[in-house]
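Everything below concerns the one structure shown next.
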Amino acid sequence: MEKLIEQFSLGLFVWMLVIFIGLILLLKKFAWKPILDAVNEREEGIKNALASAERAKLDMQNLTASNERLLAEARAERDTLLKEAREIKEKMINDAKSEAQAQGEKMIAQAKAAIESEKNAAMVELKNQVSSLSIEIAEKVLKSELSNTEAQTKLVEKMLGDAKLN
Amino acid sequence: MVISKKPLYLIVAFFFALLPLISNATISDSTAVHTENAHSEEPKDLKTEIKEYIAHHLLDSYDFHLFSWKDDAGHDHHIGFPLPVILIDNGVQIFSSSKFHHGETVAESNGNFYKLYHGKIYKTDAEGTVSYDDKHHVSNAKPTIDLSITKNVFMMLVVSVLMFFLFSGLAKSYAKNGGIAKGAGRFFEPIILYIRDDIAIPNIGHKNYKKYMSYLLTIFFFVWFLNMFGLTPLGVNVTGNIAITAGLALLTYLITTFTANKNYWGHIFWMPGVPSLMKIVLAPIELLGTIIKPFSLMIRLYANIVAGHVVLMSIIGLMFIFKNWLGSSLSFFLAFALSLLEILVAALQAYIFTMLSALYFGAANEEHHHDEAHH
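As given, the protein sequences belong to chains A and B, one line each in that order. Just so you know, my numbering puts 146 at position 153 of the first sequence, and the rest follows in order with no gaps. Just so you know, my numbering puts 198 at position 197 of the second sequence, and the rest follows in order with no gaps.
Below is the structure:
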């Protein structure tokens, strides 16, 4: 221990402190700070690059997923469209058919009604004519009664018989 | 052409990894010359000489000494370079350590005379008289303040410059290459990240770790590089010097003390959850604990590095004591294995110092326990 204290040189101690503290300050400014900053920056860069790569991967996955979803949706929509179109087509055909049928029936009914009314009208006409004919006949009978009663009666009978046939 | 570059780096890295091993071989070569010549002259003194060599290596010195040998005429040759001596003693005295001539002559500066004696500077007269007290210690006065650029200071400066260029280069390379490290600094990036992710954040916590990062990174690389330089042929033992480890430990202590929160002081002076009497007993113990912690940091680093150097150099020295092919080669392989171990220890001690500093900072920033449960 005594030898150790004897070995201790104050000058060397002072120089050591001066040199070492100077070295710390110099290296701090010119080496350690820039080195640690550069290394930190690089590590941050790597971290960010990895993170962004991960993000890009996720984005890619999302994109693929959404693409597939879109495709599936489009396909489904196409199918529904086609289905709807088919339904509409069938409906249209059916509608057309039923309408045509209804129209036909209506026309037939109208035609029937027209025929009926025509027939009635014709019957009325006929009756009118028959009545006018009857009147004429009656007139003629009346006239001929004045000349030939027997013949007139015969005529009347005959005419009535004819009228009854109608 | 990318492939062809990689083996080149590998070879260079391998070369540097092996440098400490080669280095010890160089040291041993120089000692070989040194000791063998000495051996022929004074054969009984080899062990002492090796012991002195090791002791000399462990200490700081005023010149940068690489190796030395004795020529045939018995003259000492020292290879190295002098460093400036700065003394605050009757004004500032600055002169080159070459004036001492390795302790052989008296250095004169502005009318003051100094002599280097056993690695220490003493004031003396023009003749260089050294007087001793009754315990055979030198009784000459020492300079008031000695701020010399010694070998250790010089090595710290070298390491500081190296670290500055290495890490500021690394810092610049990020901007140039779009956030990717390039060049030699690239090797250290994982270590920086390791210190952040496995030392600072787990011990201090996400909220507070940032303000300690500069200190933790600097201390780790500073200690590691100095430990590694200690294993090179330069033969510097900076981290194995008590003044250095004391300085480092003091900084850790000061940072812990001045960044500590209320909770930390509360635990020291008024430990919650124990009886009042115990609180009074615990306070001095806890207070002492805050000082013992950095003290253990200081001793641990110092002792590990010194022990490593002593053992390694002793085993290398054994080669010259055995002086036969079996013992010496065994010593060589032992030294080789130990060198590998020392490289591990160099990094390990730096890691432990950083880790424990982070642990103490973490304790200083600990929140209340009910908060902790959420983390």
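Think of the CB as a built atom: it goes at the ideal place given N, C-alpha and C, for glycine as much as any other residue.
| query | result |
| --- | --- |
| Determine the burial state of Asn141 (chain B): buried for a count of at least 16 other Cβ atoms within 10 Å of its Cβ, exposed for fewer. | buried |
| Can you look up Pro273 (chain B) in the DSSP assignment and give me helix, strand or coil? | coil |
| Is it right to say Lys116 (chain B) is buried, meaning 16 or more other beta carbons lie within 10 angstroms of its own, or is it exposed? | buried |
| Does DSSP classify Thr106 (chain B) as helix, strand or coil? | coil |
| Kindly indicate the opening and closing residues of the alpha helix (DSSP H) around Ser69 (chain B). | No alpha helix (DSSP H) holds Ser69 (chain B); the beta strand (DSSP E) holding it covers Asp64 to Lys71. |
| Ser342 (chain B) by DSSP, collapsed to three states: which one? | Just to set this straight, residue 342 (chain B) is Leu in the shown sequence, not Ser. The answer is helix: DSSP assigns Leu342 (chain B) an H, G or I state. |
| In terms of residue numbering, what span does the alpha helix (DSSP H) encompassing Tyr175 (chain B) cover? | Lys152 to Lys177 |
| Should Val312 (chain B) and Trp8 (chain A) be called a contact, given that it needs their Cβ atoms to be closer than 8 Å? | no |
| Under 8 Å, CB to CB, which of the residues in the stretch 129 to 158 of chain B have a partner in chain A? | Ile146, Asp147, Leu148, Ser149, Ile150, Thr151, Asn153, Val154, Met157 and Leu158 |
| Please identify the residue among B:Val160, B:Leu349 and B:Thr130 whose C-alpha is closest to the C-alpha of Leu235 (chain B). | B:Val160 |
| Would you decide whether Pro27 (chain A) is buried or exposed? Buried here means 16 or more other CB atoms lie within 10 Å of its CB. | buried |
| Within this structure, are the beta carbons of Ile55 (chain B) and Ser315 (chain B) separated by less than 8 Å? | yes |
| Per DSSP, what are the beta-bridge partners of Tyr133 (chain B) in this structure? | B:Val139 |
| Taking one C-beta from the stretch 30 to 46 of chain A and one from the stretch 276 to 292 of chain B each time, how about it: are there three or more such pairs within less than 8 Å? | no |
| Pull up the distance between the alpha-carbon of Asp399 (chain B) and that of Ser97 (chain B), whole angstroms please. | Because chain B here runs from 2 to 376, residue 399 (chain B) falls outside it and cannot be looked at. |
| Under 8 Å, Cβ to Cβ, is there at least one residue of chain B near Glu34 (chain A)? | yes |
| Closer than 7 Å, Cβ to Cβ, to anything on chain A: give me those residues from the stretch 179 to 192 of chain B, in chain order. | Gly180 |
| Lys116 (chain B) by DSSP, collapsed to three states: which one? | strand |
| Against chain B, with Cβ distances strictly below 8 Å, would Leu20 (chain A) count as a contact? | yes |
| What residues in the stretch 39 to 55 of chain A bring their beta carbon closer than 9 Å to a beta carbon of chain B? | none |
| Between which two residues does the beta strand (DSSP E) harbouring Ile95 (chain B) extend? | Val93 to Ser97 |
| Using a Cβ cut-off of 9 Å, pull out every chain A residue sitting near Tyr377 (chain B), in sequence order please. | This structure leaves residue 377 (chain B) out entirely; chain B is present only between 2 and 376. |
| The alpha helix (DSSP H) with Gly15 (chain A) in it runs from where to where? | Leu3 to Leu20 |
| Which chain A residues are close to Asn242 (chain B), counting only those with a beta carbon under 9 Å from its beta carbon? | Gln0, Phe1, Ser2, Leu5 and Met9 |
| Exposed or buried, Arg62 (chain A), counting other C-beta atoms within 10 Å across all chains shown (16 or more means buried)? | exposed |
| For Leu64 (chain A), would you say it is in contact with chain B, using Cβ-to-Cβ distances shorter than 8 Å as the test? | no |
| Just how far apart, CA to CA, sit His207 (chain B) and Thr355 (chain B)? | 17 Å |
| Hey, quick one: how far does the beta strand (DSSP E) through Ile89 (chain B) stretch, first residue to last? | Pro85 to Ile89 |
| Using CA atoms only, rank isn't needed, just tell me which of B:Leu194, B:Ser169, B:Gly112 and B:Ser132 is closest to Tyr118 (chain B). | B:Ser132 |
| In whole angstroms, what separates the C-alpha of Glu79 (chain A) from that of Ile86 (chain A)? | Residue 79 (chain A) is actually Arg in this sequence, not Glu. Taking the straight line from one Cα to the other gives about 10 Å. |
| Distance check for Thr219 (chain B) and Phe65 (chain B), CA to CA, integer angstroms please. | 25 Å |
| Does the beta carbon of Ala58 (chain A) come closer than 8 Å to any beta carbon on chain B? | no |
| Mind checking which residues open and close the alpha helix (DSSP H) that includes Thr49 (chain B)? | Leu47 to Leu59 |
| Is the separation between the beta-carbon of Ala244 (chain B) and that of Leu5 (chain A) shorter than 8 Å? | yes |
| May I ask you to report which of helix, strand or coil DSSP gives Ser29 (chain B)? | Low local confidence applies: a pLDDT of 41 at Ser29 (chain B) is under 50, so the model's placement there is unreliable, with the coordinate-based value given in what follows. Ser29 (chain B) falls in the helix class under three-state DSSP. |
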